[in-house]
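**Q** Under mature numbering (1 follows the signal peptide of the UniProt record, and there is no 0), residues -24 to -1, 1 to 735 are what the sequence shown spells out, in order.
Supplied in structure tokens, the structure appears directly below.
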Amino acid sequence: MFKKSLAFIVSLVLVFGLVGPGFAAGTKSEESALATEQAMTKGELDSKADNNTAKNKGKVILIDLNRTNYDNFKNIKFLANRLENSGYLGMMNIRGDKGYDDRRNYASMGATGRVNILPETPVDFSQIEGKNLYKYATGHSPKKINLLSVNNLDQYNQSNGEFKSKMGYLGDTLSSNGKKIGILGNSDYYDMVTGQEIRNRDFALMVMDSRSRIEEGNVDFINKKDQSFPFGISTDYDKLKDETKKYYAKTDFLMVNLGDTFRLDEYKVNLNSTTYARMKYRVYNKVSDYLEYVFKMAGKNDTIYILGSFPSKLDYANNRRLAPLVRFDMSESGKGLLLSATTRRAGVFANLDLGVDILNRFGLKNKEMVGRQLTNKTMDNRDDYMTKEYKKIVAISSIRMTIINIYVAVISVSWILGALALWQRDKLPKKHKKKILNFLKEMVKLGLIMPLAFLSAPILRPGSQAQVTLSIVFMTVLLYILGSRIFKNDDLKQVGFYSILMILLIVVDSVISTPLMQSNIMSYDPMIGARYYGIGNEYEGATIGSAILGIAILLEYKKIPKLWVAIFLFAVLITSAYPSMGANVGGAISESIAYIAFFLLICGVKIDFKKSVLVVAITALIVAVFATADIMLGMGSHLGNFVVQVFRNGPMEIVTVFARKIDMNIQLAQTTVWVNILLVGLLILGFTIFRPNRHFSYMKERYKIVYDGYLAIMVGCVVTLLVNDSGIIAAATDSIYLLIPVIIILINKFNQKEDKYIS
């Protein structure tokens, strides 16, 4: 009956995977309407806003130095002096929906979530052109600066965006609450092939309202000709100062785009090292002088942001893909790092957080914007800390896929060779048969040891690519020697040792806010931004497999009260899935089902359809408890945000989210290297479960509890495929704990048989 229930669940997953995304997409398209056809969002007052600007009705100025990094900030004289004693620094994830570029990044900052915009779509904000065309195209009155192509942008984002985010919510919320917005500057330049002028006003996507309008500003008459500047274009800084003073008085929030830094990066290919240094010096001198003017002009209750909104081409190519932001509260002189509940990581935040933080500076909030406000963490060694942290992030990100590919290759090859050697064992040379099988057995163990080495390597605090690699090699060798020496000549105990060590390390790491996960080669990457904290999907699979396999092997050798087993598994579930610890929503579901199934199996309970329904019901209750705790405590984790969206958008949000998860898995199946493990594993596992032969029957009879764990882990694999947006990855790492003990047990069986034959 258990196999039938499992087959039913697999079939359900496949059916839902085929029809779910299409059904959800169809429903969404029927409900979607363009932003210009909907009422503007209003947001609400934020009674918890605790900053001087909000309390005393100060103003906010954001100055964008696009294509600069934090080292560039410190090369700008005035800014460098200011940074010595003040300013809170954060490095911003720049990812938009389905990719990275300036416009998706800008639009995401002011939207409800990540935004998708085609690079070739015209984004031409103007104060002089198309006001009448705008009115006839949208049905709304234009403001001083408008974008004609708003319907085109919105239609593409709603149709092709993964998140269907709504643009312009920062602008809407400010405007609806009586706050005036102004913009100054542009990043216009010339195409170096055709010589055609290219208007670049993408920065306005951040602060426009949902109808692509901005109340005040100057984007058309702010440049002048200057052959000593990139493209022969320079910002007219004298005029910019006058306009800044004018619009500072007329607006509450002023965003300034200093386009010379963008143009310098675009023009760099035409320069040599000497001429580039000279041009950079001219640009930075002008920028320094302008910044000094702004800081002198600003009031004591104001907030000034200095943003390098997108990396230079060189930084981007070298995988330095976080953008610097420094926030200055003019009433404070301290310095340190910015913190965000989105990332739970000092000095790192998401682009979605910036718009929310600006609203907080005005004592406002909008619940549909998924970002979180930025808070201060005082730190005197701010620059040293952030330099080391960013270097480590870049090092791990740069070498991640190389090491993961090696790991996947080792696992896949060892599994295939192990399976082939067992299948064709009679054709192996008799003299070397045992040595070959033993070598493959040790090679297979690396599948368990290396993820443990990845997780423990950050304890050594590596900071460069070479150090990361050496720390992983060192931990792999150390763990292999420990297992081999402590449990000499007992392979199954070694497997149990590695499994128990893995789950204990995951639990401890979760309790202390996952510092090892955050610095782990096999975990998440803050520059990708799919996840910033908690247990990633790679280790979610390991959490299921290692806990069950480790306990199962322990029970094979020692008699442990079932109550202790239940308490241990419950503790693992709490620490790995609770919002303030592991915070993995899919983990809360897949672990609950797998752990309950395992406990019932080792207690000798026959799992039929009714009990399967009961298991699902208990799981739903556990997830509900986690969600309630998340919302009541204001943790803002993935689970709490999901529940809030369901309440706001209705039950169809559940279908939409799960359909998106399945669609993501379909995409991953075509691209991720992890699918190789899953395919090899499922091929062998499917054969052993549904077509058991006499050798697998031996394992079932000889290691009954391990076999029960085997079935429970299989359930975890299936469930995690359904409930995780990277379920293929989680299922792949889970399947490691399925196949490795099988291969090792069978190799030992044939070695024993060979020894008896020889004797």
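All C-beta atoms, glycine included, are put in the ideal place defined by N, C-alpha and C.
Is it right to say residue 739 is buried, meaning 16 or more other beta carbons lie within 10 angstroms of its own, or is it exposed?
**A** The question about residue 739 has no answer, for the chain in this structure spans -24 to 735.
**Q** Measure the alpha-carbon distance for Val386 versus Cys693 and round it to whole angstroms.
**A** Mapped onto the sequence shown, residue 386 falls at position 410. Mapped onto the sequence shown, residue 693 falls at position 717. Their Cα atoms are separated by approximately 21 Å.
**Q** Figure out for me which residue from Leu267, Met493, Val384, Leu545 has the closest Cα to the Cα of Val651.
**A** The residue you call residue 651 lines up with position 675 of the sequence shown. It is Val384 whose Cα lies nearest to the Cα of Val651.
**Q** Is the segment 503 to 513 in contact with the segment 697 to 707, if contact means three or more CB pairs nearer than 8 Å?
**A** The segment 503 to 513 is in contact with the segment 697 to 707.
**Q** Would you kindly work out how many angstroms separate the C-alpha atoms of Ala708 and Asn61, rounded to a whole number?
**A** By one-based count along the sequence shown, residue 708 stands at place 732. By one-based count along the sequence shown, residue 61 stands at place 85. When rounded, the distance between both Cα atoms is 49 Å.
**Q** Which residue marks the beginning of the beta strand (DSSP E) containing Leu247, and which one marks its end?
**A** As a working mapping, residue 247 is identified with position 271 in the sequence shown. Looking at the DSSP string, Leu247 is not in any beta strand (DSSP E), and its letter there is neither H nor E.
**Q** Taking Leu10 as part of the beta strand (DSSP E), name the residues at either end of that continuous run.
**A** In the sequence shown, residue 10 corresponds to position 34, counting from 1. First-last for Leu10: undefined, no H or E at that position.
**Q** Can you find the residues in the same chain that come closer than 8 Å, C-beta to C-beta, to Leu455, ignoring five residues on each side of it along the sequence?
**A** One-based indexing of the sequence shown puts residue 455 at position 479. Excluding residues within five positions, the ones whose Cβ falls inside 8 Å are Ile425, Leu428, Ala429, Ser432, Tyr474, Leu477.
**Q** Which stretch, first to last residue, makes up the alpha helix (DSSP H) that contains Thr279?
**A** As a working note, residue 279 is residue 303 in the sequence shown. Careful: Thr279 lies outside any alpha helix (DSSP H), inside the beta strand (DSSP E) at 279 to 283.
**Q** Given this structure, state the Cα-to-Cα distance separating Ile70 from Leu129, to the nearest angstrom.
**A** Within the sequence shown, the letter at position 94 stands for residue 70. Within the sequence shown, the letter at position 153 stands for residue 129. Going by the C-alpha atoms only, they are around 19 Å apart.
**Q** What are the start and end residues of the alpha helix (DSSP H) that includes Gly521?
**A** Reading the sequence shown from its first residue, position 545 is the one you call residue 521. Counting along the chain, the alpha helix (DSSP H) containing Gly521 begins and ends at 513 to 533.
**Q** So the beta strand (DSSP E) Ile157 belongs to, where does it begin and stop?
**A** Here residue 157 refers to the residue found at position 181 of the sequence shown. Looking at the DSSP string, the run of the beta strand (DSSP E) that includes Ile157 is 157 to 162.
**Q** My parser needs the beta strand (DSSP E) runs of 3 or more residues fully inside the segment 264 to 319; what are they?
**A** Listed in chain order, they are 279 to 283, 298 to 305, 311 to 316.
**Q** For Ser309, is the classification buried or exposed, using 16 other Cβ atoms within 10 angstroms of its Cβ as the cut-off for buried?
**A** To locate residue 309, count along the sequence shown from 1; it is residue 333. Exposed, since its Cβ has fewer than 16 Cβ neighbours within 10 Å.
**Q** Within its chain, find whatever has a CB closer than 7 Å to the CB of Ala322; leave out the 5 residues flanking it on each side and keep chain order.
**A** Counting from 1 along the sequence shown, the entry for residue 322 is found at position 346. Closer than 7 Å at Cβ, skipping near neighbours: Leu313, Leu315, Lys353.
**Q** Hey, would you say Gly284 sits closer than 8 Å to Thr44, going by beta carbons?
**A** Position 308 of the sequence shown, counting from 1, holds the residue named residue 284. Position 68 of the sequence shown, counting from 1, holds the residue named residue 44. A contact, by the Cβ cut-off of 8 Å.
**Q** Please state the DSSP three-state secondary structure of Leu418.
**A** Mapped onto the sequence shown, residue 418 falls at position 442. In the sequence as presented, Leu is not what sits at residue 418; that position holds Glu. In this structure, Glu418 counts as helix in the three-state DSSP scheme.
**Q** Cα separation between Ala326 and Arg437?
**A** The count along the sequence shown starts at 1 and reaches residue 326 at position 350. The count along the sequence shown starts at 1 and reaches residue 437 at position 461. Taking the straight line from one Cα to the other gives about 25 Å.
**Q** Can you tell which of Gly75, Ile689, Tyr686 has its C-alpha closest to the C-alpha of Tyr292?
**A** Position 316 of the sequence shown, counting from 1, holds the residue named residue 292. Measuring from the Cα of Tyr292, the nearest candidate turns out to be Gly75.
**Q** Which residues in the same chain as Ser5 place their Cβ atom closer than 6 Å to its Cβ, once the five residues preceding and following it in sequence are excluded?
**A** Within the sequence shown, residue 5 is the residue found at index 29, counting from 1. With a pLDDT of only 45 at Ser5, under the threshold of 50, the placement of this residue in the model should not be trusted; the figure read from the coordinates follows. None.
**Q** With DSSP run on the structure shown, which of helix, strand or coil describes Ile198?
**A** The residue labelled residue 198 in the question sits at position 222 within the sequence shown. Ile198: coil per DSSP, three-state reduction.
**Q** Looking at the strands, I want to know which residues DSSP matches up with Leu350.
**A** Within the sequence shown, numbered from 1, the residue matching residue 350 stands at position 374. Answer by DSSP bridge pairing, in chain order: Ser316.
**Q** Do you know offhand how far Ile577's Cα is from Gly685's?
**A** Counting from 1 along the sequence shown, the entry for residue 577 is found at position 601. Counting from 1 along the sequence shown, the entry for residue 685 is found at position 709. Sequence check: residue 577 is Leu here, not Ile. In a straight line, the C-alpha of Leu577 is about 8 Å away from that of Gly685.
**Q** Given Ile198, which residues of its chain have a CB within under 8 Å of its CB, disregarding the five upstream and five downstream residues?
**A** Taking the sequence shown and counting its residues from 1, one reaches residue 198 at position 222. Once the five neighbours on either side are set aside, the close Cβ partners of Ile198 are Leu160, Gly161, Asn162, Thr211, Asp212, Lys215, Leu216, Glu219.
**Q** For a minimum of 3 consecutive residues, which ranges assigned as the beta strand (DSSP E) are wholly contained in the segment 41 to 108?
**A** Those beta strand (DSSP E) runs which fall completely within the segment 41 to 108 and span 3+ residues are 63 to 69.
**Q** Can you tell me whether DSSP reads Asn327 as helix, strand or coil?
**A** As a working note, residue 327 is residue 351 in the sequence shown. Residue state, collapsed to three classes: helix.
**Q** Between Tyr110, Gly331, Ile569, Lys534, which has its C-alpha nearest Leu301's C-alpha?
**A** As a working note, residue 301 is residue 325 in the sequence shown. Checked all of Tyr110, Gly331, Ile569, Lys534; the closest Cα to Leu301 is Gly331.
**Q** So what's Val36 in DSSP terms, helix, strand or just coil?
**A** One-based indexing of the sequence shown puts residue 36 at position 60. Three-state result, Val36: strand.
**Q** So, at 6 Å on beta carbons, what are the nonlocal neighbours of Ser135 in its own chain, with the 5 sequence-adjacent residues on each side left out?
**A** In the sequence shown, the residue the question calls residue 135 occupies position 159. If we look at Ser135 and ignore the five residues flanking it on each side, it has no Cβ neighbours.
**Q** State the beta-bridge partners of Leu234 as determined by DSSP.
**A** Taking the first residue of the sequence shown as position 1, residue 234 is located at position 258. BP columns for Leu234 point to Asn162.
**Q** For Leu480 and Trp391, what's the separation of their Cα atoms in angstroms?
**A** Within the sequence shown, numbered from 1, the residue matching residue 480 stands at position 504. Within the sequence shown, numbered from 1, the residue matching residue 391 stands at position 415. Taking the straight line joining both Cα atoms gives about 26 Å.
**Q** Would you report the Cα separation of Thr696 and Phe544, rounded to the nearest angstrom?
**A** The sequence position of residue 696 within the sequence shown is 720, counting from 1. The sequence position of residue 544 within the sequence shown is 568, counting from 1. Roughly 21 Å between the two C-alpha positions.
**Q** For Glu173, which of helix, strand or coil comes out of DSSP?
**A** For this step, residue 173 is matched to residue 197 along the sequence shown. Three-state DSSP puts Glu173 in a strand.
**Q** Identify the residues that DSSP records as bridge partners of Glu242: which are they?
**A** The residue you call residue 242 lines up with position 266 of the sequence shown. In DSSP, Glu242 forms no bridge with anything.
**Q** Straight-line CA distance for Ser552 to Ser152?
**A** By one-based count along the sequence shown, residue 552 stands at place 576. By one-based count along the sequence shown, residue 152 stands at place 176. The alpha-carbon atoms of Ser552 and Ser152 are separated by roughly 41 Å.
**Q** Helix, strand or coil: how does DSSP classify Leu124 here?
**A** Locating residue 124 in the sequence shown gives position 148, counting from the first residue. In this structure, Leu124 counts as coil in the three-state DSSP scheme.
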